[in-house]
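**Q** At position 129 of the sequence shown (counting the first as 1) the number is 128 in numbering that gives the first Met the number 0, and the numbers step up by one without a gap.
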Amino acid sequence: MSAIGFLRSRWILGGSSNTLASVFGCWCNRWWYRSFNSPSGAAHGGAALYIHNSIPHHEIDPFKTESMQVAGIVARLFCGTEVVIAALYSPPKHKISENEYSLLFEHLGPKWILGGDYNAKHQHWGSRITTTKGRELL
0 MSAIGFLRSR
10 WILGGSSNTL
20 ASVFGCWCNR
30 WWYRSFNSPS
40 GAAHGGAALY
50 IHNSIPHHEI
60 DPFKTESMQV
70 AGIVARLFCG
80 TEVVIAALYS
90 PPKHKISENE
100 YSLLFEHLGP
110 KWILGGDYNA
120 KHQHWGSRIT
130 TTKGRELL
């Protein structure tokens, strides 16, 4: 069974506890869940992270702008190391500058894992095309 999960935006908007339970293999009350949508409340996407309650963790302050939403936690790994684990969603229509990415990475601290839907395409990671977001992220 997975202990940590990142959700795509369509699962956040249309998910129910039964749907999410089928994704993660158990009922949601055994999992910590956090989801954020854009500050304007627009109906697009969001960032969500599920982590099993057996993993020691605490929530970090969200990082929310119109161009990206990030939900995250600090988890204590089995070896005792603490690492930020976060989920990101960035709507396709928004551009993100290298400086905005730097601000996000600074917010996350020195040790982090950031998964999610960046909507950033680049040939370096197998896309047919390269977008501005992909260039800025690389």
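Quick reminder that beta carbons are idealized off the backbone N, C-alpha and C, glycines included.
Model, not experiment: these values are computed from the prediction.
Per DSSP, Q122 forms a beta bridge with which residues?
**A** DSSP, once it has assigned bridges, lists no residue as partnering Q122.
**Q** If we count the other Cβ atoms within 10 Å of its Cβ and call it buried at 16 or more, is N118 buried or exposed?
**A** Its Cβ being crowded by 16 or more others within 10 Å, N118 is buried.
**Q** May I ask which residues mark the beginning and end of the beta strand (DSSP E) holding G108?
**A** Where G108 is concerned, there is no enclosing beta strand (DSSP E), given that its DSSP letter is neither H nor E.
**Q** Thinking C-beta only, is A85 closer than 8 Å to I50?
**A** No, Cβ-Cβ distance for I50 and A85 is not below 8 Å.
**Q** Can the beta-carbon of V69 be found less than 8 Å from the beta-carbon of W111?
**A** For V69 and W111, no; Cβs fall outside 8 Å.
**Q** With DSSP as the reference, please indicate the residues paired to R75 in a beta bridge.
**A** Bridge partners of R75: E81.
**Q** Under DSSP, the beta strand (DSSP E) around E58 begins and ends at which residues?
**A** Looking at the DSSP string, the run of the beta strand (DSSP E) that includes E58 is 56-58.
**Q** Return helix, strand or coil for K94, following the three-state DSSP convention.
**A** Coil at K94, not helix or strand.
**Q** What residues in its chain sit with their C-beta under 7 Å from that of I54, if we drop five residues either side in the sequence?
**A** The answer, listed in chain order, is A2, A74.
**Q** With a cut-off of 8 Å on the beta carbons, I'd call K94 and T129 a contact; round off their distance for me.
**A** Rounded, the Cβ-Cβ distance is 14 Å, inconsistent with contact.
**Q** Over the uninterrupted alpha helix (DSSP H) stretch that includes L48, give me the two end residues.
**A** No alpha helix (DSSP H) holds L48; the beta strand (DSSP E) holding it covers 46-51.
**Q** I'd like to know whether the C-beta atoms of E97 and E135 end up nearer to each other than 8 Å.
**A** Cβ atoms of E97 and E135: closer than 8 Å.
**Q** Quick check on this structure: which residue in L48, H56, K120, W124 has the alpha carbon closest to the alpha carbon of T80?
**A** Nearest option by C-alpha distance: H56.
**Q** To the nearest angstrom, how far is it from the Cα of N52 to the Cα of L76?
**A** Going by the C-alpha atoms only, they are around 13 Å apart.
**Q** Can you give me the start and stop residues for the alpha helix (DSSP H) that L136 sits inside?
**A** From DSSP, the alpha helix (DSSP H) with L136 extends over 131-136.
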